[in-house]
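Residue numbers (our numbering), protein chains in the order written: chain A, 104 to 385; chain B, 187 to 966; chain C, 329 to 491. The block underneath contains the structure these notes are about, expressed in structure tokens.
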Amino acid sequence: MNNFNYERPRSLREAVSLRSRNAGAFYLAGGTDLIVQMRDDLLKPSLLIDLKALKQLEGIDMKKDVLHIAALTKVSAVEMDRTLLRTLPFLCDAAGFLGSPLTRNKATIGGNICNASPAAEFGTPLIALNARAVISDGEKTRVMAVEDFMTGVKKNALKRGELLSGFIIPDPKGHKGRFFKKSRIKLVDLATVNITVIKKGTEYRIAIGSCFIKPLRIRTAEEMLRGIKEPDARLLGKAARICAEEIKPIDDLRGTADFRRDIVFHYVKKLLGELTAKGGQR
Amino acid sequence: MKNFKSIGKPSPREDAYDKATGNAKYIADIDFPGMLYGKVLRSPHPHAVIKKIDTSKAEKLNGVVAVTHAAKCPYKMGLYLVDRPVFATGKVRYMGEPVAAVAAVSEEIAEEALKLVRVEYEELPVVDNIEDALRKKAPLVHPDLMNYEYLPIYYPKKDTNIFNHFKLRKGNINKGFQKAYRVFENEFYLPQIHHVPMEPHGAIAKWERDGKLTVYSSCQSPFTLRNLIRYAFKLSHKDVRVIAPYVGGGFGGKAGINMEPLAVALAKEAKGKWVKLIFSREETFTGTVVRQAMKGKIKTGVSRKGRIVAEKIELFFDGGAYAEYGTNVVRAAGYTIIGPYDIENVQGDSYGVYTNHLVGGAFRGFGHGELHWVVESQMDIIAHAMKMDPAEFRRINVLKPGSRNSMGQTITEHTGNMTACIDAVAEKLDWGKKRMKLPAHIKRGKGLAVLEKAPAMPANATSCARVKFNEDATVIVQFSGMEIGQGCIAALSQICAERLKMDITKVHAAGLPDTDFSPYEWQTVASRITWAVGNAVINAVDDAHAKIKKVAAQVFGSVPEELDVDGEKVFLKKDTKKFIPLPDIVLGYQYPDGHTIGGPVEGVGTFTPHLTNLDKNTGQGDAAAEWTFGCEGAEVEVNTETGELKVLDLIGAFDLGTVINPLTAKGQIIGGMIQGLGSAVLEELKYKDGKVRNASFVDYKILTAADLPEKITSIFIQTPDAKGPYGARAVGEHPMISVPAAIANAVYDAVGVRIHSLPLTDENILRHLKAKKADKGKKK
Amino acid sequence: MKKGFVHEINFTVNGIKRALSVHSNETLLKVLREHYGLTGAKEGCGGGECGACTVLLNGSPVNSCLVLAVEADNAHILTIEGIAAKDSIHPIQQAFIEYGAVQCGFCTPGMIMTAYALLQKNPDPDEAQIKRALSGNLCRCTGYVQIIEAVKAAAKRMKGKRG
Ligand SMILES: Cc1cc2nc3c(=O)[nH]c(=O)nc-3n(C[C@H](O)[C@H](O)[C@H](O)COP(=O)(O)OP(=O)(O)OC[C@H]3O[C@@H](n4cnc5c(N)ncnc54)[C@H](O)[C@@H]3O)c2cc1C
Ligand code: FES
Ligand code: FES
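Take a look at the structure:
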């Protein structure tokens, strides 16, 4: 690992300003992506800006029916948060599938989305929840859909003078959801496929990860199911088929594109079935 | 069972305290003042000519003390066949082969220096698989093969990539097949896998200017390592000292000689300074050794009644770029080639084949995991085709007292009980019982597979142990069998205490060898330590007792034959009131007037198994000193829509003779079965154009605690071995061997697809399920 | 040395307050091993994948190979060397020894630290919780079964002591 400068700013403004002034600077959250990449010489930052001292960037809050999750919130905190376990347990499930318990004590939810891996564990639940990324330049904030925030493999929409301060989930109540991850071993592996499906009233949302350059919503399938209270097995099968067709997976060390399509087909159908009262029963 | 005091007890191992407290020192934990750090430059190409190496810039970097490569270190090594240069010489033969190395005052500087070494390559055609290697006009990985030195029990073939061909011939193969009612022919494959010891490989070396060399190494075989280093670097044994700290897992990957010569080569260039070389995890994957990939072809003739009458097997091992242990893996797999079966007519051919892959080496199972994958898949295919119960089919055909095995040895009551192993597994699995109702896409199945293995060692593999009495008549037992996790420290203390008739708490095992001080040991491989060194320990105790008796006889005015020794005293058998407490004699006996006879009591014991070489043309002879039989079974669940495999139950029964320590024996069995399960369902080194693509934990996964089968059971069958210490037999490697076949057979039972190629990943299973469906569709 | 590469840190290691200059690119694992000789934590991969380097950082088990030493400023660190009582080893250590949970021992310190953190948080874990908690600590020797048995036994004993 190369040597580098290290700062632990006390204010958001200082953090952002350090970043603006240093071309080779990176924010350090949990470091579980960053330090691995530095170790492998894939990244050689000139400066790490450790965000740990910025306590306002940590925590989970429900304010007036809007859920705020700050960027530096540890993955283990998301996994065990009482409010979340009650309202959005599938988000906790996703957290519980990220890395190992040891990783999760360090990794942050913001780091996961900023790192923008196609397999990012929080990708599918957040985009299925229509979560929005809150971006700060030290003074003002702007907000955009997480779906648009992740722009490609390891790419995000942040500009140089900005950082991700957190996520908001508008209207978090009344979501029924399921998170699923397929990997080579049960835990502690990157996803071959990850899936979140949500049912809110008669609205359906399906998000699939590790099957394109970023996690994807499959809106054609969602639309097909919209308004139907209890879709039957045939319809669920059809929706699952659309998902399997619309993803654009590649062959890699975790699985072939074909296998990914088979997994998506089976599990989208199964998860939707679990969410709807009668449909999907075999 | 006899009434033992120490044998058979679950005594905790002495080394566990050191390890559980963090006190145990492993190679990376050892430091010396002024020590240098080594780093290795590796080939990015699987096969290429080295046109030029320029190290001048690296040498000039401040803090760099030594840079070395083939020109400075023109040495070669090899266990049985000397084909491997310390540094790639003239060409590189696999991706990851060492090309140069540097030693510097810090790791960072050493790394920096590596980047300054310039190497020009010219790529050569790559031999990327076994078929390519065997083609008539295949590029030769070692065109000079026939000029290499090798032991005369191995048979390389001129102008080919074959570095060893072992032949087994028994009975009359043609006549055998003529008698057959049905004949089955199949092919099977398994990929290279890695040992993945949790401790990366490492060594620390210092070469003094007076020519003395000291090497600390995380190794399984300090004496063999010393021998091979001294051979490669042309030194005398007396000038080389190897010290082995605790080893963080070996599984064969730290046997023989491995990465140590790289540290030695650096030490030679940085005389008088310690050079520490610790591999990264990635280097441990590519820069050490792996289990060979293998392709096996099998043809079996069966009588109408289901008796195997003839079998022809060819095994082709992908030995990678250098033969290493592969030569002997080929031989060991060759002489066991039909597994634990009684077959009259056999033709077996086992080949070691060079490719441009990672170097194949010793791996838990030593060729037997590979051969049993072929044999035990085939047996299942035959049983189903003959409409016989697979367990029953095996009962009919396995070795029993009176049968002759592949190399012509006669099985006796003492060899072990194969049938009992099958019965135990079948019973525990509820073999043949009906299954519960499940959703249509979830299928369950059961499978089992048998196995046998003998320690694979040369006929002169010899062991020595020493038993030293302390002043208070407690005892230190010394040996050089390495504690690599298997529990030999506990087992050998128990054997020692038993023979001494002493409480185990009075015995301390000094199990971390130093070749300058410790007794000789050939190698810690082949599951042989408890068995072989155990015998040496017994002999050492007897020797110590003889010495005590000799002195006591003088005191009593008697003869040694009239005396006996227990844990407390030496006494007259006829009159037990006449005794000398051991503390009064173990440093010599002092008469009231001060005059002293005798001296410190140290017993020395040796053990050499009785073995012979095998006949060149038939492979018949006595290459196995003892056999361990076993059977493994599994119940699995398969999701027919996703191929997902769940192992519900995994069972292993082994005839390990007298169990010395049930706690460590269970540990060996369960640990081995889980490693075997990983090799069955998950593990594989993946190549593209000769380049390994998954040399890290990110993409080479091993099972975690969360991946255990729902149930896992170890069963001991205890038929005492006639030659083992207190009747013990080897069991270190065996549990890994037949798990893949047991799982594959269970998958077949569940969903009716036969998978010929490991690993049985969900994806692999699904592909077969889909192919079967498509096939059915076509037939309709 | 360029300014900014070297940092003064203050932290507590196994109950002892320490001050140290570290390079920004040194990991906590390296500092513990090389500066303090606390070699119980091991490097099995250096990439957060194996858990051999597990230590407790402010009470939570982490991969110390992925923690920069500078990050540990003001932190409390607990390593395998710091859990024994004056005259006796910790019940988890004792159970690992008695239940055959230790083979080569390379994973053992990390395993024990993870188990330690688990039992602090959840004194009575079931088997599934134990397996999950240990899933980031790889062991190649034992097949985990005896490790799980040891954690269960330790939990029982520790509860007995408390209750
Ligand atoms: C063993 C292991 C297993 C893993 N398994 C998984 C897994 O199963 N699933 C998965 O999704 N990931 C996995 N990861 C990857 C990683 O742990 C996660 O992506 C994690 O959430 C990253 O968070 P972090 O806080 O550690 O990010 P860091 O490494 O600190 O940061 C990642 C990137 O985001 C930037 N960044 C971080 N926070 C901000 C911010 N607030 N504003 C702007 N930029 C920021 C950083 O500069 C850096 O470029 C694994 C990693 C390891 C080591
Ligand atoms: S060394 Fe830290 S996780 Fe492997
Ligand atoms: S005991 Fe060897 S890795 Fe766990």
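Positions of the beta carbon are idealized from the N, C-alpha and C atoms, including for glycine. Source: prediction; values computed, not measured.
**Exposure of M332 (chain B), with buried meaning 16 or more beta-carbon neighbours within 10 Å** = By one-based count along the second sequence, residue 332 (chain B) stands at place 146. Classification for M332 (chain B): exposed.
**Request:** State yes or no: is the beta carbon of E297 (chain B) nearer than 9 angstroms to at least one beta carbon in chain C?
**Result:** One-based indexing of the second sequence puts residue 297 (chain B) at position 111. So no, E297 (chain B) is outside the interface.
**Request:** Give a yes or no on contact between the stretch 712 to 726 of chain B and the stretch 752 to 768 of chain B, applying the rule of three or more CB pairs nearer than 8 angstroms.
**Result:** no
**Request:** Express the C-alpha separation of A206 (chain B) and K414 (chain C) in angstroms, rounding to a whole number.
**Result:** For the purposes of this step, residue 414 (chain C) is taken as the residue at position 86 of the third sequence. For the purposes of this step, residue 206 (chain B) is taken as the residue at position 20 of the second sequence. Cα to Cα, the separation comes out at about 16 angstroms.
**Neighbour list for T340 (chain C) in chain E, Cβ cutoff strictly below 9 angstroms** = Considering every chain present, this structure includes no chain E. Its protein chains are A, B and C.
**Item:** Helix, strand or coil at G327 (chain B) according to DSSP, with G and I counted as helix
**Value:** Position 141 of the second sequence, counting from 1, holds the residue named residue 327 (chain B). For the record, residue 327 (chain B) in the displayed sequence is Val; it is not Gly. Of the three classes helix, strand and coil, the one that applies to V327 (chain B) here is coil, per DSSP.
**Prompt:** Where does D361 (chain A) sit, in a helix, a strand or coil, going by DSSP?
**Reply:** Position 258 of the first sequence holds residue 361 (chain A). Helix, per DSSP.
**Message:** Between V479 (chain C) and chain A, is the shortest Cβ-Cβ distance under 9 angstroms, so that the two count as touching?
**Reply:** Within the third sequence, the letter at position 151 stands for residue 479 (chain C). For V479 (chain C), the answer is no, since every Cβ of chain A falls outside 9 angstroms of its Cβ.
**Message:** Give me the residue from C:T367, C:L446 and C:K370 with the minimum Cα distance to S388 (chain C).
**Reply:** Within the third sequence, the letter at position 60 stands for residue 388 (chain C). Comparing Cα positions, the closest option is C:L446.
**Residue span of the alpha helix (DSSP H) that contains C346 (chain A), given as start and end** = Within the first sequence, the letter at position 243 stands for residue 346 (chain A). Looking at the DSSP string, the run of the alpha helix (DSSP H) that includes C346 (chain A) is A336 to E349.
**Message:** So, under 8 angstroms CB-CB, T605 (chain B) and R581 (chain B) are touching, yes? Tell me the CB distance rounded to an integer number of Å.
**Reply:** For this step, residue 605 (chain B) is matched to residue 419 along the second sequence. For this step, residue 581 (chain B) is matched to residue 395 along the second sequence. T605 (chain B) to R581 (chain B), Cβ: 6 angstroms. Contact.
**Asked** By the criterion of Cβ-Cβ separation under 9 angstroms, what are the contact partners of A482 (chain C) in chain A?
**Response** Here the question's residue 482 (chain C) lines up with position 154 in the third sequence. Correct list: empty, because the minimum Cβ distance to chain A is about 18 angstroms.
**Request:** Give me the Cβ distance between K877 (chain B) and M281 (chain B), rounded to the nearest whole Å; I'm assuming they're in contact under 8 angstroms.
**Result:** Position 691 of the second sequence, counted from the first residue, corresponds to residue 877 (chain B). Position 95 of the second sequence, counted from the first residue, corresponds to residue 281 (chain B). So it is a contact: roughly 5 angstroms between Cβ atoms.
**Prompt:** Going along the chain, which unbroken runs of the beta strand (DSSP E) with 3 or more residues stay wholly within the stretch 282 to 359 of chain B?
**Reply:** 284 to 290, 304 to 309 and 348 to 356
**Request:** Tell me whether the beta-carbon of V611 (chain B) lies closer than 9 angstroms to the beta-carbon of N347 (chain B).
**Result:** Position 425 of the second sequence, counted from the start, is the residue given in the question as residue 611 (chain B). Position 161 of the second sequence, counted from the start, is the residue given in the question as residue 347 (chain B). Against a cut-off of 9 angstroms, the Cβ pair of N347 (chain B) and V611 (chain B) comes out as no contact.
**Alpha-carbon spacing of K852 (chain B) relative to S900 (chain B), whole angstroms** = Position 666 of the second sequence, counted from the start, is the residue given in the question as residue 852 (chain B). Position 714 of the second sequence, counted from the start, is the residue given in the question as residue 900 (chain B). Distance between the alpha carbons of K852 (chain B) and S900 (chain B) is about 6 angstroms.
**Prompt:** From A:L191, A:Q159 and A:L157, pick the residue whose C-alpha is nearest to that of A231 (chain A); which is it?
**Reply:** Counting from one through the first sequence, the residue named residue 231 (chain A) turns up at place 128. Nearest option by C-alpha distance: A:L191.
**Asked** What residues from the stretch 933 to 966 of chain B come within 9 angstroms of chain A, judged by C-beta to C-beta, listed N to C?
**Response** T947, D948, E949, L952, R953 and K956
**Request:** List the endpoints of the continuous beta strand (DSSP E) containing V390 (chain C).
**Result:** Residue numbering aside, residue 390 (chain C) sits at position 62 when the third sequence is read from its first letter. S388 to N391 is the extent of the beta strand (DSSP E) around V390 (chain C).
**Message:** Does the beta-carbon of L894 (chain B), which I'm using as the reference point, lie nearer than 8 angstroms to any heavy atom of ligand 3?
**Reply:** As a first step, residue 894 (chain B) must be located in the second sequence, where it is residue number 708. Not so, every heavy atom of ligand 3 lies at least 8 angstroms from the Cβ.
**Message:** ligand 2 and K209 (chain A): does the residue's C-beta get closer than 8 angstroms to at least one heavy atom of that ligand?
**Reply:** Here the question's residue 209 (chain A) lines up with position 106 in the first sequence. Answer for K209 (chain A): no, Cβ out of range of ligand 2.
**Request:** Give the straight-line distance between the Cα atoms of G382 (chain A) and A310 (chain A), rounded to the nearest whole angstrom.
**Result:** Translated into positions along the first sequence, residue 382 (chain A) becomes position 279. Translated into positions along the first sequence, residue 310 (chain A) becomes position 207. Residue placement at G382 (chain A) is flagged as unreliable, the pLDDT there being 39, under the threshold of 50; the coordinate-derived value follows with that caveat. Cα to Cα, G382 (chain A) sits roughly 20 angstroms from A310 (chain A).
**Message:** Taking 8 angstroms as the cut-off, is the beta-carbon of K370 (chain C) closer than that to any non-hydrogen atom of ligand 2?
**Reply:** The residue given as residue 370 (chain C) occupies position 42 in the third sequence. It does: the Cβ of K370 (chain C) is within 8 angstroms (strictly closer) of some heavy atom of ligand 2.
**Prompt:** Alpha carbon to alpha carbon, how far is I420 (chain C) from I415 (chain B)?
**Reply:** In the third sequence, residue 420 (chain C) corresponds to position 92, counting from 1. In the second sequence, residue 415 (chain B) corresponds to position 229, counting from 1. Roughly 42 angstroms separates the two Cα atoms.
**Request:** Taking P926 (chain B) and G829 (chain B) to be in contact with their CB atoms under 8 angstroms, please state how far apart those CB atoms are, rounded to whole angstroms.
**Result:** The residue you call residue 926 (chain B) lines up with position 740 of the second sequence. The residue you call residue 829 (chain B) lines up with position 643 of the second sequence. With a Cβ gap of about 17 angstroms, P926 (chain B) and G829 (chain B) do not count as contacting.
**Item:** Delimiting residues of the alpha helix (DSSP H) encompassing M565 (chain B)
**Value:** Indexing the second sequence from 1 puts residue 565 (chain B) at position 379. Taken as a continuous stretch (DSSP letters only), the alpha helix (DSSP H) holding M565 (chain B) covers H554 to A571.
**Asked** Exposed or buried, S422 (chain B), counting other C-beta atoms within 10 Å across all chains shown (16 or more means buried)?
**Response** Here residue 422 (chain B) is taken as the residue at index 236 of the second sequence, counted from 1. S422 (chain B) comes out exposed.
**Request:** Return yes when at least one heavy atom of ligand 3 lies under 8 angstroms from the C-beta of C435 (chain C), else no.
**Result:** Indexing the third sequence from 1 puts residue 435 (chain C) at position 107. Yes, the beta carbon of C435 (chain C) sits closer than 8 angstroms to at least one heavy atom of ligand 3.
**Asked** Mind pulling the chain C residues with CB within less than 7 angstroms of P198 (chain B)?
**Response** Counted from its first residue, the second sequence places residue 198 (chain B) at position 12. By Cβ distance, chain C contributes I425 and E426.
**Request:** Could you list which residues in chain B have their beta carbon closer than 9 angstroms to that of K365 (chain A), in chain order?
**Result:** To locate residue 365 (chain A), count along the first sequence from 1; it is residue 262. Checking the sequence shown, residue 365 (chain A) turns out to be Asp, not Lys. Going along chain B in sequence order, the residues near D365 (chain A) (Cβ under 9 angstroms) are E827, T828, G829, E949, L952 and K956.
**Asked** At a Cβ threshold of 9 angstroms, is A244 (chain B) touching chain A?
**Response** Here residue 244 (chain B) refers to the residue found at position 58 of the second sequence. No, no contact with chain A.
**Prompt:** Given a limit of 8 angstroms on CB to CB distance, which residues of the stretch 889 to 912 of chain B reach chain A?
**Reply:** L889, T890, A892 and D893
**Message:** Please report whether the beta-carbon of K289 (chain A) lies at a distance below 9 angstroms from any beta-carbon of chain B.
**Reply:** Numbered from its first residue, the first sequence carries residue 289 (chain A) at position 186. Yes, because at least one Cβ of chain B sits closer than 9 angstroms to the Cβ of K289 (chain A).
**C-alpha gap between D217 (chain B) and V359 (chain C), whole angstroms** = Here residue 217 (chain B) refers to the residue found at position 31 of the second sequence. Here residue 359 (chain C) refers to the residue found at position 31 of the third sequence. Cα-Cα distance, rounded: 14 angstroms.
**Request:** Taking the CB atoms as reference points, tell me whether G858 (chain B) and P795 (chain B) lie closer together than 9 angstroms.
**Result:** Locating residue 858 (chain B) in the second sequence gives position 672, where the first residue counts as 1. Locating residue 795 (chain B) in the second sequence gives position 609, where the first residue counts as 1. Not closer than 9 angstroms, so no.
**Message:** Using a Cβ-Cβ cutoff of less than 6 angstroms, which residues in the same chain neighbour S392 (chain C) once the five nearest sequence positions on both sides are dropped?
**Reply:** Mapped onto the third sequence, residue 392 (chain C) falls at position 64. Excluding residues within five positions, the ones whose Cβ falls inside 6 angstroms are L356, L357, A369, C381 and V383.
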